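Q:
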Amino acid sequence: MTDLFQAMGNMDSIEIGLWVSGAMLVFVLLGVRVAFAAATAGFLGLVWIFSAKLGFERGFLVAVKMAGTIPHSKVSSLALSLIPAFILIGFLAYHAGLTKSLFEAAKRWVGWLPGGMGVATVFSTAGFAAVSGASVATSAVFARIAVPEMLKLGYDKRFAAGVVAAGGTLASLIPPSAILVIYAIIVEQDVGALLMAGFLPGAFSALIYGALVIFMAMTRKNFGPPVRGYTWKQRFESVPGALPIFVVIGIIMVCIYGGVGTPTEAGALGAFVILCMALYNGSRWPELKASLMETAKLSAMIFAIIWGVLIYVRFLGFADLPSAFSDWIVSLDQSPLLTLLLILCAYAVLGMFMDAIGMLLLTLPVVYPAVIALNGGIDVTAAESAFGVSGTGCAIWFGIIVVKMAELCLITPPIGLNCFVVAGVRPECSVQDVFRGCTPFFVADVLTIAALIALPGIVLWLPGQMGYG
C-alpha cells in the first residue's frame with residue numbers, strides 16, 4: 004500500500020489528469036449522474052494533486068475549501084440567471100395555451116403543403132423554441148399537441164413521433180437557448196453574440212427539416228394528406244393567438260441585437276410578457292404553480308450539473324490537461340479540418356452515452372482551447388487562420404457547430420432524451436418507433452452541420468453586425 008501511495012505521489016499532473024478523467028468516464032458509463040461523477044472525480048483529483056505537493060492533511064483541506072467555493076463563485080454569474088428565465092417563458096407559454104394557438108396558426112398557413120402537418124409541426128416547434136430554451140420541454144409540449152393531430156389524419160406514428168422529437172432539438176440553437184448560455188459561460192464569450200449567432204443556423208435547420216418533410220411526402224405513398232380548406236380570413240384570424248410568441252421574439256432580438264438591454268433583461272421582460280398573457284388567457288394559481296415547479300426542477304437539474312462539472316474543470320486547470328491536449332492537437336501532422344471532423348465524430352459517439360449539457364460541460368474545457376489553437380489562436384485574423392474565421396469568430400462558430408452536434412445526441416440511441424420524452428408522453432409510440440422516425444432528421448442534421456462548416460457566414464453574419472467575428 005505504501006508503494007502504491009508513493010507511486011501515485013510520483014506521478015506528474017498530466018498523468019493524474021488522465022487517470023482521474025478516465026475514472027470519471029467509468030463513473031458515467033456505470034450510470035452515475037454526470038453531476039455526481041464529475042464532482043467526485045474533480046474533488047478526488049484536487050486531493051491527489053495537492054496531497055502530492057503539500058501532504059495529505061493540508062492537501063485535503065485545500066481541496067475541500069476549493070470544492071466548496073467554486074460552485075458559488077461561478078454560478079453567481081449574472082448570465083446564468085438567463086436559464087431559469089428562458090425555461091419559465093416556455094412553461095408559461097404552454098399553460099397559457101399559446102402553443103396550441105401557434106400550432107393552429109402554422110397548420111392554417113402551411114398545412115396545404117405536401118406533408119403539411121409535419122411542416123406545421125416543424126415551424127411551430129421552431130416558433131416555440133424561440134421563447135423556450137429547453138429542447139426537452141419543446142418535445143414534451145408538442146408530443147401532446149401535434150402527434151394526436153397527425154395520427155388522426157393517418158400519418159405514420161413513427162414519423163409523427165420523430166418529427167416532434169427532432170423539432171424539439173431546434174430549441175438548442177434558436178435563441179433563447181440555455182445550452183448556448185452555458186457554452187458562453189464555460190468558454191468566456193459574450194452571451195449576446197452566441198445567442199444571435201444561433202438564430203440563422205436555427206432557422207436554416209428548420210427550413211431543412213421542412214424541405215425534408217415535403218420531399219418525404221412527395222416520394223412516399225400514403226404519407227399523410229395535406230390540410231386544405233382554410234380561407235385567407237381564417238388564416239389571419241389565427242395570427243392574434245400566436246402573436247405573443249412573436250412579441251417575445253421581438254423583445255429578445257431588440258434587446259440583444261439592438262443594444263437596448265442585456266440578455267438577462269430580455270429574458271426577464273419576455274417572462275413578464277408571457278405571464279401577463281397567461282393571466283389574460285385564464286391561467287390561475289394551479290397553472291402558475293405548475294409552471295414555477297417545472298422551471299425549478301429543470302433549473303435545479305441544470306445547475307447541479309454545472310456545479311459538479313465546475314469542480315472537475317478546476318481540477319483540469321491544475322492538472323494542465325487542456326494545454327497539453329491543445330499542444331498535442333496542434334502537433335498532429337494532418338489537415339486542421341480533418342482534425343476538427345474527428346473531434347465532431349468523437350462528440351457524436353460520446354453523445355450516445357451522455358446528455359448534451361453534461362457532455363459539453365465535461366469536454367469544452369479541454370476541446371475548446373485545442374480548436375482555438377488549431378485555428379491559429381484567439382488573436383488570429385480570418386486571412387491567416389486554418390478555418391477561414393478569426394479567433395473570436397472561431398469561438399462563436401465552433402460553439403454553434405458543437406451545440407448542433409449536441410442536438411444530434413438528443414435523437415440518437417441509446418440516450419436520445421427527446422425520444423424518451425416523446426415515447427413517455429405518447430404511450431402508443433415505443434422508444435424504438437421514435438428513434439426510427441428520427442432517422443431522416445439525423446441525416447438532415449449531418450447535412451446542416453456540413454453546411455455550417457463549409458459556410459461559416461451562416462453563423463457569423465449576425466454577430467458580425469454586432470461587431471463580433
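Sequential numbering of the sequence shown, starting at 4, is according to our numbering.
Using N, Cα and C, we set each Cβ at its ideal position, and we do this for glycine too.
Computed from a prediction, not measured in an experiment: that's the story for all the values here.
Report back the beta-carbon spacing between Asn421 and Thr172 to the nearest angstrom; my notes put them in contact at under 8 Å.
A: 6 Å
Q: Report the three-state DSSP secondary structure of Gly34 (helix, strand or coil).
A: coil
Q: In whole angstroms, what is the alpha-carbon distance linking Met219 and Phe226?
A: Each residue's CA atom was taken as its position, placing Met219 and Phe226 some 8 Å apart.
Q: Looking at the structure shown, is Glu240 part of a helix, part of a strand, or coil, going by DSSP?
A: helix
Q: State buried or exposed for Met357, treating a residue as buried only when at least 16 other CB atoms are found within 10 Å of its CB.
A: buried
Q: Report yes or no: do three or more beta-carbon pairs, one from the region 94-110 and one from the region 237-252, lie closer than 8 Å?
A: yes
Q: Return the Cβ separation of Val251 and Ile92 in integer angstroms, given the expectation that the two are a contact with Cβ distance under 8 Å.
A: 7 Å
Q: Judging by CA-CA distance, which residue of Ala26, Thr72, Phe30 and Ala164 is the nearest neighbour of Val437?
A: When only C-alpha atoms are compared, the closest one is Ala164.
Q: For Ser338, does the three-state DSSP call read helix, strand or coil?
A: coil
Q: Relative to the C-alpha of Ile403, which residue among Tyr186, Ala271 and Ala137 is closest?
A: Of Tyr186, Ala271 and Ala137, the residue nearest in Cα terms is Tyr186.
Q: Within a Cβ cutoff of 7 Å, which residues of the same chain sit near Glu18, ignoring the five residues on either side of it in sequence?
A: none
Q: What would DSSP say about Ser135, mapped onto helix, strand or coil?
A: Ser135 carries a coil assignment under DSSP once its states are collapsed to helix, strand and coil.
Q: Anyone know if the C-beta pair for Val179 and Ile255 falls short of 9 Å?
A: Checking the sequence shown, residue 179 turns out to be Pro, not Val. Going by C-beta atoms, Pro179 is nearer than 9 Å to Ile255.
Q: For Ile148, I'd like the list of residues in its chain whose CB is within less than 7 Å of its CB, leaving aside the five on either flank, ordered along the chain.
A: Excluding positions up to five away in sequence, the list reads Thr102, Lys103 and Phe106.
Q: I'd like the list of long-range same chain contacts for Ala140, defined as Cβ closer than 6 Å, with 5 residues on each side in sequence excluded.
A: Gly93
Q: For Ala99, which residues from the same chain have a beta carbon less than 6 Å from its beta carbon, with the 5 sequence-adjacent residues on both sides left out?
A: Met280, Ala281, Asn284 and Ser286
Q: Roughly how many angstroms separate the alpha carbons of Phe89 and Lys236, rounded to a whole number?
A: 33 Å
Q: Check whether the Cβ atoms of Ala389 and Ile332 sit closer than 9 Å, and answer yes or no.
A: With contacts defined as CB atoms closer than 9 Å, Ala389 and Ile332 fail to qualify as a contacting pair.
Q: So which of Leu450, Gly71, Gly62 and Cys258 has the shortest CA-CA distance to Leu411?
A: Leu450
Q: With DSSP as the reference, label Ile452 as helix, strand or coil.
A: helix
Q: Using alpha carbons as the reference points, say which of Gly391, Tyr350 and Pro368 lies closest to Gly379.
A: Distance check between Gly379 and each of Gly391, Tyr350 and Pro368 places Gly391 closest, using alpha-carbon atoms only.
Q: Give the single residue among Ile456, Gly311, Asp382 and Ala174 whose Cα lies nearest to the Cα of Val37.
A: Gly311
Q: Answer with buried or exposed for Ala96, where buried requires no fewer than 16 other C-beta atoms within 10 angstroms of its C-beta.
A: buried
Q: Where does Val190 sit, in a helix, a strand or coil, going by DSSP?
A: helix
Q: Judging by CA-CA distance, which residue of Val184, Phe423, Arg161 and Ile309 is the nearest neighbour of Ser135?
A: Between Ser135 and the set Val184, Phe423, Arg161 and Ile309, the nearest pair of CA atoms involves Val184.
Q: Out of Phe306, Ala447 and Ile456, point me to the one whose CA is closest to Cys397's CA.
A: Ile456
Q: Taking 9 Å as the cut-off, decide whether the C-beta atoms of Cys441 and Ile418 are in contact.
A: no
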